[in-house]
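Chains A and B, in that order, give the protein sequences.
Following my numbering from start to finish, the first sequence increments by one per residue and tops out at 251.
Following my numbering from start to finish, the second sequence increments by one per residue and tops out at 334.
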Amino acid sequence: MYETNKYEGMIAETVGIKGYNGDTVYAYFARPLGEGPFPGIVIVPHLPGWDEFYKETTRRFAHHGYLAICPNINQRFGHGTPEDVAAKARAEGGVSDDSVVGDSEASMEYLRSLPNLNGKVGVFGTCSGGRHAFLVACRSNGFDAAIECWGGRVVMSKDELSAGQPVAPIDYTADLSCALLGIFGEDDSSPPPAQVDQHESELKNHNKDYEFHRYPGAGHGFFYYDRPAYRQEQAMDGWGKIWDFLGRKIG
Amino acid sequence: MSGTGKGPNGWFKLQEANVSFDHPFNAPLDHAINIDFVNEKEGLGARVAVEITADSARRLVDAILAALEQGKKYRLEELESGT
Numbered sequence: 001m002y003e004t005n006k007y008e009g010m011i012a013e014t015v016g017i018k019g020y021n022g023d024t025v026y027a028y029f030a031r032p033l034g035e036g037p038f039p040g041i042v043i044v045p046h047l048p049g050w051d052e053f054y055k056e057t058t059r060r061f062a063h064h065g066y067l068a069i070c071p072n073i074n075q076r077f078g079h080g081t082p083e084d085v086a087a088k089a090r091a092e093g094g095v096s097d098d099s100v101v102g103d104s105e106a107s108m109e110y111l112r113s114l115p116n117l118n119g120k121v122g123v124f125g126t127c128s129g130g131r132h133a134f135l136v137a138c139r140s141n142g143f144d145a146a147i148e149c150w151g152g153r154v155v156m157s158k159d160e161l162s163a164g165q166p167v168a169p170i171d172y173t174a175d176l177s178c179a180l181l182g183i184f185g186e187d188d189s190s191p192p193p194a195q196v197d198q199h200e201s202e203l204k205n206h207n208k209d210y211e212f213h214r215y216p217g218a219g220h221g222f223f224y225y226d227r228p229a230y231r232q233e234q235a236m237d238g239w240g241k242i243w244d245f246l247g248r249k250i251g
Numbered sequence: 252m253s254g255t256g257k258g259p260n261g262w263f264k265l266q267e268a269n270v271s272f273d274h275p276f277n278a279p280l281d282h283a284i285n286i287d288f289v290n291e292k293e294g295l296g297a298r299v300a301v302e303i304t305a306d307s308a309r310r311l312v313d314a315i316l317a318a319l320e321q322g323k324k325y326r327l328e329e330l331e332s333g334t
């Protein structure tokens with residue numbers, strides 16, 4: 001718990017990492033000053049990409065004592081304003097699952113290379129980033145906790161599968177390698193409550209360490225304070241659940 | 252696509268229009284019809300973006316079809332040739 005007579009400091013900057021396929025990818029890295037050791041967190045962007053919300057969220061994690069890194073998963077689509085790059089990614093059907101997993105693992109390995117990491121790394125994402133967080137936690141063994149906020153298209157019908165997204169993440173549930181925190185709005189349509197139930201049922205079937213929180217009166221993206229979907233009470237409670245979960249699992 | 256659009260750096264030749272039903276970047280909606288008129292040859296910034304409600308999109312389609320019908324009466328040849 002922070003008290004006003006404590007020193008605070010943070011550095012947030014762009015770094016380069018060797019991402020998927022050996023490509024150099026930029027990442028936004030925010031970290032508290034001090035020897036640590038600190039837990040680490042990889043923040044995987046949603047479809048709007050490397051946007052201001054995700055940069056601010058990265059600094060938020062650092063403010064709470066985490067080495068926080070957010071890779072630009074859309075980098076193969078080129079450079080421009082985050083919205084223009086994201087529009088290009090959207091037109092191409094989104095970033096491929098292999099690429100997301102590769103860039104997320106590279107971010108995790110970057111954190112593990114640091115002398116002030118406490119040895120634990122989590123992964124976090126919202127919306128399609130929530131889907132990414134769950135996917136990465138299933139396909140990689142290097143994470144100790146995962147936070148999936150309203151991951152859309154974790155459950156996918158066959159006609160939603162594509163070359164870039166060939167497997168529905170729910171079908172990887174048996175491979176989930178760490179504890180999972182799920183946060184959802186009951187009024188969301190992506191994922192709808194029925195898909196959240198299906199997701200939970202699969203976690204139960206495989207005896208996974210998970211906890212799901214469903215918020216009444218909240219729809220899609222209720223953490224986004226710059227959008228009409230923002231729900232202050234539910235969002236702040238959700239952040240409280242995140243700090244509690246991470247404190248227990250990797251803090 | 253043949254025509255021009257006006258982006259942040261002025262007019263540019265259009266290459267294609269990308270249309271999606273997805274979360275918008277800016278419009279205060281959960282989902283929107285998103286239309287991006289782009290020309291990637293001129294960079295990712297060569298983009299005219301529109302995010303509208305489904306109802307607005309239907310009205311836009313109707314308005315375009317109505318304009319094309321009108322064009323049939325008066326200037327069909329010009330519309331078809333793109334001149």
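The C-beta atom is built at its ideal place from N, Cα and C for all residues, glycine as well.
Keep in mind it's a predicted model, so treat the numbers as computed, not measured.
Distance, residue j Cα to residue i Cα
i        : j        : result
A/PRO228 : A/PHE29  : 28 Å
A/GLY125 : A/LEU111 : 17 Å
A/LYS158 : A/GLY34  : 49 Å
A/GLN232 : A/PRO45  : 22 Å
A/ALA168 : A/SER128 : 13 Å
A/GLY119 : A/PRO39  : 7 Å
A/ARG131 : B/TYR325 : 52 Å
B/GLU205 : B/GLU267 : Any property of residue 205 of chain B remains undetermined from this structure, which presents chain B solely from 252 to 334.
B/ILE315 : B/GLN321 : 10 Å
A/VAL121 : A/VAL42  : 7 Å
A/ASP84  : A/ASN5   : 44 Å
A/MET108 : B/ALA318 : 55 Å
A/ASP226 : A/ASP51  : 12 Å
A/ASP144 : B/VAL312 : 50 Å
A/HIS206 : A/PRO193 : 20 Å
A/ASP175 : A/GLU92  : 28 Å
B/PHE276 : A/ALA86  : 9 Å
A/TYR215 : A/GLY142 : 30 Å
B/ALA283 : A/PRO32  : 38 Å
A/THR173 : A/TRP150 : 16 Å
A/GLN234 : B/LYS323 : 55 Å
Limits of the beta strand (DSSP E) - the one that residue i falls within
i        : result
B/THR255 : 255-258
A/CYS70  : 67-71
A/HIS213 : 210-215
A/MET287 : This structure cannot speak to residue 287 of chain A, because chain A is shown only from 1 to 251.
B/GLU267 : 267-273
A/GLY40  : 38-43
A/PHE222 : Here A/PHE222 belongs to no beta strand (DSSP E), and DSSP marks it neither H nor E.
A/GLU83  : First-last for A/GLU83: 82-91, but that is the alpha helix (DSSP H), not the beta strand (DSSP E).
A/PRO32  : 24-32
A/ALA145 : 145-149
A/VAL15  : 10-18
A/ALA179 : 179-185
Residues that residue i contacts on chain A, provided the C-beta gap is smaller than 9 Å
i        : result
B/GLY254 : Simply none; closest approach about 18 Å.
B/GLY296 : GLY80, THR81, ASP84
B/ASN260 : In chain order: nothing, as chain A lies at least about 12 Å away.
B/VAL313 : Here residue 313 of chain B is Asp; the residue named in the question, Val, does not match the sequence. Near B/ASP313 there are no residues of chain A at all, since even the closest Cβ is about 25 Å away, more than 9 Å.
Proximal residues of chain B, C-beta to C-beta of residue i below 7 Å
i        : result
A/GLY251 : Simply none; closest approach about 32 Å.
A/ARG131 : Residues of chain B passing the Cβ test: none, with the nearest at roughly 13 Å.
Span of the alpha helix (DSSP H), counted from its first residue to its last, around residue i
i        : result
A/TYR54  : 52-63
A/TRP239 : 232-249
A/PRO252 : With chain A running from 1 to 251 in the structure shown, residue 252 of chain A is simply not present.
B/ILE315 : 305-325
B/PHE288 : Unbroken run through B/PHE288 is the beta strand (DSSP E), 283-289; no alpha helix (DSSP H).
A/PHE314 : It is not possible to answer for residue 314 of chain A, since the shown part of chain A is limited to 1 through 251.
Whole-Å CB distance - residue i paired with residue j, under 8 Å assumed
i        : j        : result
A/SER190 : A/GLY152 : 4 Å
A/PHE223 : A/GLY247 : Contact doesn't hold; Cβ gap of about 19 Å is too wide.
A/VAL25  : A/PRO71  : 6 Å
A/LEU181 : A/ILE242 : 7 Å
B/ARG298 : B/GLY261 : Wrong, their Cβ atoms sit about 13 Å apart, outside the cutoff.
A/ASP97  : A/TYR20  : The pair is not a contact, with the Cβ atoms about 10 Å apart (cut-off 8 Å).
B/GLY256 : A/GLY80  : The Cβ separation is near 16 Å, so there is no contact.
Where residue i meets chain B, residues with beta-carbon distance less than 8 Å
i       : result
A/ALA91 : ASN269, SER271, ASP287, VAL289
Chain A residues whose Cβ lies nearer than 8 Å to that of residue i
i        : result
B/ALA300 : GLU83, ALA87
C-beta neighbour in chain E for residue i, strict 8 Å
i        : result
A/HIS132 : The displayed structure is made up of protein chains A and B, and chain E is not among them.
Problem - Members of the stretch 30-60 of chain A that neighbour chain B once the beta carbon cut-off is set at 9 Å - result: HIS46, LEU47, PRO48, ASP51
Check: Which residues, taken in chain order from the stretch 69-88 of chain A, show a beta carbon closer than 8 Å to some beta carbon of chain B?
Finding: PHE77, GLY78, HIS79, GLY80, THR81, GLU83, ASP84, VAL85, ALA86, ALA87, LYS88
Beta carbons nearer than 9 Å to chain B: which residues of the stretch 215-230 of chain A have them? GLY219, HIS220, GLY221, ARG227, PRO228, ALA229
Quiz prompt | Members of the stretch 264-283 of chain B near chain A, C-beta cut-off 7 Å | solution = ASN269, SER271, ASP273, HIS274, PHE276, PRO279, ASP281
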